[in-house]
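Visitor:
Number of protein chains: 2
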Amino acid sequence: MPQAARFQLHHGNAFHLLPSLENESIDALIADPPYCSGGLFASDRTRDPVAKYEQTGAKTSRATFDGDQKDQRSWTSWCSAWLRECYRVLKPGAAFAVFVDWRQLPALTDAVQMADFIWRGIAVWDKTERTRPALGRPRNQAEYIVWGSKGAMPGRKGTPVLPGVHREPVLQRDKHHLTGKPVGVMQWLCGLCPPGSVILDPFAGSGSTGVAALLTDRRFVGIERDQHYHQVAAKRLAAAASGVVLTARETAG
Amino acid sequence: MPQAARFQLHHGNAFHLLPSLENESIDALIADPPYCSGGLFASDRTRDPVAKYEQTGAKTSRATFDGDQKDQRSWTSWCSAWLRECYRVLKPGAAFAVFVDWRQLPALTDAVQMADFIWRGIAVWDKTERTRPALGRPRNQAEYIVWGSKGAMPGRKGTPVLPGVHREPVLQRDKHHLTGKPVGVMQWLCGLCPPGSVILDPFAGSGSTGVAALLTDRRFVGIERDQHYHQVAAKRLAAAASGVVLTARETAG
DNA sequence: CCCTTCTATGAATCGTGCT
DNA sequence: CAGCACGATTCATAGAAGG
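So the protein lines, in turn, are chains U and D.
Residue 38 in this note's numbering sits at position 38 of the first sequence; the count goes up by one each step and never skips.
Residue 129 in this note's numbering sits at position 129 of the second sequence; the count goes up by one each step and never skips.
Dropping the structure here:
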């Protein structure tokens, strides 16, 4: 991307657009792909994500999204394919971080290694107790970030140590996407690369990764295939570039 | 075990002793097997565990232990074997919880499913920031608990919901074993079964699971093959049965 | 402005019953 | 019979509303 630009947001499928990015041009990958979990039966996988993930009787409704209908086997090879393409555009030593839920975690660690990345650990996003309860069993209150690097990852003197567990609830004002991540969570992960770096998110959604990148003085390249969310992301990024953080209510219209 | 006994502690190999336990006699399994991680190279696997896990210059030295020398492939099938034996002794619907680190997590989720258990989630023990730092990357500050059940797990009315993430640092006074878990962590997991239940730990180590079980009004069956740790566990369990909690210094001698 | 009360909600899961 | 669709259910917390 041009030296001067602080962000670029592409509209289209990641598989079509990633090949147009230059080799070794990106400093870090932060991705939040569709999890495709809970798909024991075809009916669960083909169900509208809004119906699937949103609590019965929820009043505020959000736009639905595609691409959440693969079974585990297909999901794994699909992940390894886009990860391999990201591998190409990342600089040697670049860090990556990919969100996943507990059910798909083992599939994702396979996929990143199939794509030649070095898997270096799991970071935890603790969503706090504000999650669905189940009597007599541990709450399902975390999401996971599989992280690592393209080849050797030289120690960065002066770079701060990141917490391995980040505790932050999902607030309504931050939820621009049905499965959107709080900006604070993404700011935490932006610490994987130093200020000035270019961060890639091939499944940008409502653009939280980009907002966090701009707020923490990184640059951003995003791809989003859904028309509606592409527009939401464009609005949020433009605002974030001037230091303004929009709430979900402000982008909903 | 006898109705009256609050705990039993066997000395010997889990593979030899598990077969002597009755079918469907246990209410829950809580296990902390050797992780065998960092075993990418044979030199790491054959290194003395004390040198491997203890920070350079650590002053309080702990006895070494065996059984930490398998590669990932062998470790997976070894786990599925003892898990299958545990499956037999567990009552239908019983819960299980097995500790693991990030590196072996995918191997363990395979192993529990190979042993016919239903994998239902991952719980997180957040060891807080008091862990080894690494510049520019997320701290490795969590251990994971793969949990689930033997067959269907009917909702237990009146049983409280457990937190999915437990935050507790490792204190020296609690570290009776080189890889020992704080009693508070084990008390949290004891919530997987109601008071009065019998909890099995086939790798009892210094007995923290049993201490937690007794303190939370559960009963305990433990197996430990190491002579030294068997004795430590016996002391701690006897004390815990009278409500006394021993510190690591008190059991070290 | 602060404290209390109340209400909305969550990257599900389970049992039931239909096809 | 087996596979699959459907709806009832759970409670800690955030945030709004009210005093």
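Glycine residues also receive a C-beta, built at the ideal position from the N, C-alpha and C atoms.
Using the three-state DSSP reduction, which class does D/Leu-83 fall into: helix, strand or coil?
Guide: Note: D/Leu-83 maps to helix in three-state DSSP.
Visitor: Leaving out five residues on either side along the sequence, give the residues of the same chain with a beta carbon under 7 angstroms from the beta carbon of D/Phe-41.
Guide: With a pLDDT of only 48 at D/Phe-41, under the threshold of 50, the placement of this residue in the model should not be trusted; the figure read from the coordinates follows. Nothing listed; no residue qualifies.
Visitor: If you measure beta-carbon to beta-carbon, which residues of the segment 64 to 85 of chain D are closer than 7 angstroms to chain U?
Guide: Within the segment 64 to 85 of chain D, no residue qualifies.
Visitor: Using a Cβ-Cβ distance under 7 angstroms, would D/Ala-258 count as near chain U?
Guide: Residue 258 of chain D cannot be examined here, being either before or after the span of chain D that is shown, 1 to 253.
Visitor: Measuring only the C-alpha atoms, how far is U/Gly-155 from D/Ala-28?
Guide: Using only the alpha carbons, I get a separation of about 43 angstroms.
Visitor: Could you have a look at D/His-166 and say whether DSSP puts it in helix, strand or coil?
Guide: Reduced to three states, the DSSP call for D/His-166 is strand.
Visitor: If you draw a straight line from the alpha carbon of D/Val-245 to that of U/Leu-83, how long is it in whole angstroms?
Guide: The straight-line gap from Cα to Cα measures roughly 50 angstroms.
Visitor: Please confirm whether D/Ala-142 has its beta-carbon closer than 7 angstroms to some beta-carbon of chain U.
Guide: By this cut-off, D/Ala-142 is an interface position.
Visitor: Under 7 angstroms, CB to CB, which of the residues in the segment 157 to 172 of chain D have a partner in chain U?
Guide: Flagged, chain order: Lys-157, Thr-159, Val-161, Leu-162, Pro-163, Gly-164 and Val-165.
Visitor: So which residues of chain D does U/Gly-210 contact, with C-beta pairs closer than 7 angstroms?
Guide: Residues of chain D passing the Cβ test: none, with the nearest at roughly 21 angstroms.
Visitor: So that I know if they touch, is there some Cβ in chain D lying closer than 7 angstroms to that of U/Val-124?
Guide: Interface residue, yes.
Visitor: Between U/Leu-17 and chain D, is any beta-carbon pair separated by less than 7 angstroms?
Guide: So no, U/Leu-17 is outside the interface.
Visitor: For a contact meaning CB atoms closer than 8 angstroms, what does U/Thr-109 contact in chain D?
Guide: The answer, in chain order, is Leu-105 and Pro-106.
Visitor: Going by alpha carbons, who is nearest to U/His-11 out of U/Ala-111, U/Lys-91, U/Asp-201 and U/Ser-242?
Guide: Residue U/Asp-201 is the option with its Cα nearest to U/His-11.
Visitor: Roughly how many whole angstroms lie between the Cα atoms of U/Arg-139 and U/Met-1?
Guide: Their backbone Cα atoms lie some 43 angstroms apart in a straight line.
Visitor: Using CA coordinates, which residue listed in D/Ile-118, D/Cys-86, D/Gln-141 and D/Gly-93 is at the minimum distance from D/Val-100?
Guide: It is D/Gln-141 whose Cα lies nearest to the Cα of D/Val-100.
Visitor: Going by DSSP in three states, D/Thr-60 sits in which element: helix, strand or coil?
Guide: Residue confidence for D/Thr-60 is low, a pLDDT of 49 falling below 50, so the modelled location carries little weight; the figure read from the coordinates is stated next. In the structure shown, D/Thr-60 sits in coil (DSSP, three-state: anything other than H, G, I, E or B).
Visitor: Establish whether the CB of U/Gly-136 and some CB of chain D are separated by less than 7 angstroms.
Guide: Interface residue, yes.
Visitor: Of all the CB atoms in chain D, is at least one closer than 7 angstroms to the CB of U/Arg-139?
Guide: Yes, its Cβ sits closer than 7 angstroms to a Cβ of chain D.
Visitor: From what residue to what residue does the beta strand (DSSP E) around U/Arg-120 run?
Guide: U/Arg-120 -> beta strand (DSSP E) spans 118 to 126.
Visitor: In terms of alpha-carbon separation, which member of D/Pro-92, D/Ala-233 and D/Val-146 lies closest to D/Val-112?
Guide: Selected option, being the one with the closest Cα: D/Val-146.
Visitor: Under 8 angstroms: do the segment 88 to 106 of chain U and the segment 77 to 91 of chain D share three or more Cβ pairs, one atom per stretch?
Guide: Because the criterion of three Cβ pairs below 8 angstroms is not met, the segment 88 to 106 of chain U and the segment 77 to 91 of chain D do not touch.
Visitor: With 16 other CB atoms within 10 Å as the buried threshold, where does U/Gly-93 fall?
Guide: Result: exposed.
Visitor: For a quick check, are the C-beta atoms of U/Phe-7 and U/Leu-215 less than 7 angstroms apart?
Guide: No; because the gap between Cβ atoms is not below 7 angstroms, this pair is not in contact.
Visitor: Does DSSP put D/Pro-138 in a helix, a strand or coil?
Guide: In the structure shown, D/Pro-138 sits in a strand (DSSP, three-state: E or B).
Visitor: Candidates U/Glu-85, U/Ser-20, U/Thr-64 and U/Leu-108: which alpha carbon is nearest U/Ser-37's?
Guide: Ranking the options by Cα distance to U/Ser-37, first place goes to U/Leu-108.
Visitor: If the criterion is Cβ atoms closer than 7 angstroms, does the pair D/Ala-204 and D/Cys-190 meet it?
Guide: Contact flag unset, no.
Visitor: Is any beta-carbon of chain D found at less than 7 angstroms from that of U/Pro-92?
Guide: Closer than 7 angstroms: no.
Visitor: Are U/Asp-174 and U/Pro-163 close, meaning C-beta to C-beta below 7 angstroms?
Guide: Contact: no.
Visitor: Assign U/His-16 to one of three DSSP states: helix, strand, or coil.
Guide: It is helical.
Visitor: How many angstroms separate the CA atom of D/Thr-159 from the CA atom of D/Leu-192?
Guide: Using only the alpha carbons, I get a separation of about 9 angstroms.
Visitor: Comparing alpha-carbon positions, which option in U/Ala-14, U/Ile-122 and U/Ala-31 lies nearest D/Pro-106?
Guide: Taking only the C-alpha atoms, the option nearest D/Pro-106 is U/Ile-122.
Visitor: Per DSSP, U/Tyr-254 forms a beta bridge with which residues?
Guide: Missing from the structure shown is residue 254 of chain U; chain U here goes from 1 to 253 and no further.
Visitor: For a contact defined as C-beta to C-beta under 7 angstroms, what are the partners of D/Pro-133 on chain U?
Guide: Here the neighbours are Val-161.
Visitor: Between U/Gly-148 and chain D, is any beta-carbon pair separated by less than 7 angstroms?
Guide: No, U/Gly-148 lies away from the interface with chain D (no Cβ there is under 7 angstroms from its Cβ).
Visitor: Apart from the five residues on each side of it in sequence, which residues of its chain come closer than 8 angstroms, Cβ to Cβ, to D/Tyr-144?
Guide: Cβ neighbours of D/Tyr-144 beyond the five flanking positions: Phe-99, Val-100, Asp-101, Trp-102, Leu-105, Ile-122, Ala-123, Val-124 and Trp-125.
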